[in-house]
Amino acid sequence: MARYNARESERHWQKVWDERALFVTPRQPSSGKPKCYVLEMFPYPSGRIHMGHARNYTMGDVIARFRRAQGYNVLHPMGWDAFGLPAENAARDKGVSPRDWTYENIASMRAQLKLLGLSIDWSREFATCDPAYYLQQQKLFLEFYKAGFVYRKEADVNWDPVDMTVLANEQVIDGRGWRSGAIVERRKLSQWFFKITDFSEELLAALDTLERWPEKVRVMQKNWIGRSEGLRFQFQLSNSEKLDVFTTRPDTLFGASFVALSPEHPLAQELAQTDKKLADFIAECRKTGTAEAEIEKAEKLGYDTGLTAVHPFDTSWKLKLMVANFVLMGYGTGAIFGCPAHDQRDLDFARKYGLSVTPVVLPSDADPKSFVIGAEAYTGPGKLANSQFLNGMTVEQAKAEVASRLEKAGTGERTVNYRLRDWLVSRQRPWGCPIPMVHCPTCGVVPVPEGALPVLLPEKIDFSVRGNPLDADLDWKTSVCPSCGEAAVRDTDTLDTFADSSWYFARFTDPASDTPVNKHAADYWLPVDQYIGGIEHAILHLLYARFFTRAMNRLDLVSVAEPFAGLFTQGMVCHETYKDAGGEWVSPDEVEKRDGKAFLRASGAEVQIGASEKMSKSRRNVIAPEEIIDVYGADTIRWFMLSDTPPERDIEWTDAGAEGCWRFVQRVWRLVTEPVSVRITSIDDKPSGNYSGPELQLRRATHQAIAGATDDLNNLRFNKAVAQIYSLTNAISSSDSSDGVIKREALQALVLLLAPMMPHLAEECWRALGHTTLVAEAPWPKHDPALVASDFNTIAVQVNGKLRATMQVLHGTSKEDIEARAMSLDPVVRALDGKAPNKVIVVLSRIVNIVTSAPSVEEKKP
RNA sequence: GCCCGAGUGGUGGAACUGGUAGACGCGCCGGACUCAAAAUCCGGUACCGCAAGGUGUGUCGGUUCGAUUCCGACCUCGGGCACCA
């Protein structure tokens, strides 16, 4: 029998699926079927598909094919997140246009993806750099603008000096730009923002409704939004101004020993105008970076303004007004009152400047007379002390009391503060969606009228200029004011590319719509039932997409508020790393492995085997998917990605594993096609009547595999579904049954279960079994519950909790009979050694535990 | 520092609501077929022990007839957040 020729078969079946437009989802999906929208995070067209893509898209494809077989209307589209800096860098380095570079990459990546045999509806494909797409995005931007979800303001922003653009807070990691790794600088610029903070509360609250999201992602978003409840109130200052502060600990107000402003606080700035030393101090503070390490070792520094603040409950009590480097302008009001006894930062500060430290919350076990604060602030619960009318209250009671008194006095208000800040979306980059705004000297900022859209990018972008090429392109930049008709200039910034990916899933539901979203189509398909991608987007993309969906929902463009009902974050693909004697990274294809050691293929010199790490160019441990497809075929790589490792964990690519997958492909093919004494019968034959012996055994294995694999796929446990299929394969090849009908039933089930995972092999086997239809169109097999439950149970027999024997017991046997049988077993008799059982526990169909005596104290000790 | 998650054979990993720890894969060992090899097939494979048996799920303790699973403390690794008042 000929070996399975993956290359030929895969090409053939891909052509057949394509010709029959099998995966093209109709515009009018058949009614009466449930819908299922399966989506993987769309790729950036870097030029090549990597193993991470292969894993991601294989998982999505398995779900899409599985749901299709189960009778769902499935939507499974693909597109390209096509704006972004790599295209600009390529353009600058190679002198090509970013557009050509991007579309060429898309063409080659599309071809590579198609080799994987994915069940994708390619008729819905688009790239975010298509003018047809960004036209709709500009419309959406203007709708957001009209609704007040977009605004422009001057603010201190994060400037990435390498990528030459501003960045959103989410894109600054440890003080560095997320792409370039450059330390970001602070600049005061006028920029566009999306008002994501309007949605803080609902973005937070709705996290609890996202039951099919990983807990981890929900926690990360929760922390990022950072809700804290507290009190905002006013201090009367000695210069007769008023100062707003925010606190989460109003209960500690009688422990206050100073009031502090952020160096960036307007009042601090104002005072600095007439106070040279303060101006110097503020300048000094600005120098401190925002990187983690710097903050860690940064000393608490303060400057006494000479002003004082009046304590809200005691007009004779004056608190020093300081400017302190650790007070952030971006949180709360940019001003605080310091209570050193109960806040570590305030304590460090107070010790340095000799300010008073009065404990006002005492732990329940503390002696009020002797309780003092040492080097550590006390932040735990307790009773109030040294606090006039608050004395004796709990922290909660005192918080409420202070809040209501200040609210009554009209100088305070209970508020909720969020860490989340508005999303800065302006980018000083030319390869992005132009912001459809015009700046007119007389009318100010004016939106481009819808009829004048799209604002197209220029045909040619000149990268030789300094700064943003769009800004330097006078032809492009020069425009007229839509309002007064006079000369004006375009906004030369483009939108953050994360905006592009914040609504593409809605666009896929009708990519030809002449409005951003066809509400009818979107309402049918949304939310995405299963979204799959990397954990690295836990905050960035996933938070932005949630915001966009909510904003679109408020504008009645879509009915859903949440875009992704189910989210799955898959692990990375790793590979061993190698270093030569000189410490240089060595690529796996230069390496030969023998006896657990690695040698250079060329010279035979031994190389050091390092840790398994994420495949990356810098470590040279990349395996290209197309090379594997070329040797073994797509089904092998797909099977590898699904086997063994749970999908959320990192998987290690190994040659041995790949060969094992390839051997399994051949094994299935042999099993289906090899000549056997019992020729499997016609496709219409179905098992009937009662079977026993090997026939019953094989039928059981078949139906258990169907039940198990179905359950595993429903729960995205691909590795376990794979194990079920292996078990069924073993059962078929070792079966003694000579009944062709039973064998056909088993083989068909095997092929059907295999179909979502190894679709090409499955088609080939399906045909070999005599079918003229496609397995891709065959319904998912159903198990017979009677065959999954066995008549017999294997019951474990323990003596004093230790396993001594097992026995086969007919279903329905009484406890008494089970106990009697257990007692008569040889190993049990031996273990009992004449002792009478004290107690016998019988759990039907599971276990018998014979206890001779309650373990004495001695016995329990080791 | 705070918040998550994970520690199981040589290895990737199974074990449903506490009930036979190690399914399934990889690797390894032995055998068959072969002149030989590849491929394939059969058997074995947690550890100690000839066996009976004993020991084993990061460590220590607890609850229980029974704990990988529940509780407490700790150790290690991974991830996230971090001057957020």
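According to our numbering, the first sequence is numbered sequentially starting from 1081. C-beta atoms are modelled at their ideal positions from N, C-alpha and C, and glycine is treated no differently. For clarity, every value in this text was computed on a predicted model and none was experimentally measured.
Query                                                                                                                         : Result
Euclidean distance between Cα positions of Pro1157 and Ala1483                                                                : 53 Å
Which of helix, strand or coil DSSP assigns to Trp1665                                                                        : strand
Simplified DSSP assignment, three categories, for Ile1263                                                                     : strand
Chain-order list of residues whose beta-carbon lies under 7 Å from that of Leu1464 (same chain, five-residue window excluded) : Asp1331, Val1440, Val1441, Leu1470, Asn1471, Gly1472, Met1473 and Ala1478
Expected contact under 8 Å - CB spacing of Val1728 and Gln1650 to nearest Å                                                   : Correcting the residue identity first, residue 1728 is Glu in this sequence and not Val. That pair is a contact at about 6 Å.
Pair within 8 Å by beta-carbon distance, Pro1178 and Ile1541                                                                  : yes
Rounded straight-line distance, which links the Cα of Pro1343 to that of Thr1370                                              : Bear in mind that a pLDDT of 48 at Thr1370, under 50, signals an unreliable position, so the number given afterwards is only what the model happens to contain. Each residue's Cα considered, the two are about 14 Å apart.
Other residues of its chain near Asn1249: CB distance less than 6 Å, five sequence neighbours each side excluded              : Arg1501
Buried/exposed call for Asp1576, threshold 16 Cβ in 10 Å                                                                      : buried
For Arg1507 and Glu1265, the rounded distance between their alpha carbons                                                     : 15 Å
Limits of the unbroken beta strand (DSSP E) element including His1391                                                         : Gly1382 to His1391
Delimiting residues of the beta strand (DSSP E) encompassing Thr1874                                                          : Phe1872 to Val1879
Pairwise C-alpha distance: Phe1206 and Ala1876                                                                                : 59 Å
Separation of Leu1751 from Gly1073, as counted between CA atoms                                                               : Residue 1073 falls outside the range modelled here, since the chain spans only 1081 to 1942, and no answer is possible.
Reference Ile1822, options Ala1848, Ala1803, Pro1859 and Asp1764, closest by Cα                                               : Asp1764
Per DSSP, the bridge partner or partners of Tyr1231                                                                           : Phe1273
Option in Val1928, Lys1800 and Tyr1806 with minimal Cα separation from Gly1740                                                : Tyr1806
Candidates Leu1793, Ile1263 and Lys1302: closest to Ser1280 by CA position                                                    : Lys1302
As assigned by DSSP and simplified to three states, the class of Asp1098                                                      : helix
Same chain only: Cβ atoms within 8 Å of Glu1539, ignoring 5 sequence neighbours per side                                      : none
Asp1384 versus Phe1361 - alpha carbon distance                                                                                : 10 Å
Any non-hydrogen atom of the ligand HEM closer than 7 Å to Thr1413 Cβ                                                         : Ligands in the displayed structure: none, and consequently the ligand HEM is not present.
Per-residue DSSP class, three states only, for Glu1672                                                                        : strand
Under 8 Å between C-beta atoms of Val1390 and Gln1468                                                                         : no
Extent of the continuous alpha helix (DSSP H) run through Asn1185                                                             : Pro1178 to Leu1195
Three-state secondary structure assigned by DSSP to Phe1406                                                                   : coil
Candidates Gly1460, Leu1435 and Gly1434, of which the one nearest Asp1445 by Cα                                               : Gly1460
Boundaries (first-last residue) of the alpha helix (DSSP H) holding Ile1143                                                   : Met1131 to Ala1149
Paired residues, beta bridge with Cys1520 - DSSP                                                                              : Gly1524
Beta-carbon proximity list for Glu1372, same chain, < 6 Å, skipping 5 on both sides                                           : Here the model assigns Glu1372 a pLDDT of 42, short of 50, so the residue's position is not dependable, and the following value carries that caveat. Cβ neighbours of Glu1372 beyond the five flanking positions: Asp1254.
Sequence-distant residues of the same chain with beta carbon closer than 8 Å to Leu1622, five excluded per side               : Val1297, Gln1301, Phe1644 and Leu1647
Closest residue to Ile1453 among Glu1481, Leu1381, Pro1420 and Asp1871 (Cα-Cα distance)                                       : Pro1420
Assigned exposure category for Gln1804 - 16 Cβ within 10 Å defines buried                                                     : buried
Euclidean distance between Cα positions of Phe1103 and Glu1670                                                                : 40 Å
6 Å Cβ shell around Thr1138 - same chain, five flanking residues per side excluded                                            : Arg1718 and Met1721
Buried versus exposed, by CB contacts within 10 Å (16 or more), Asp1236                                                       : exposed
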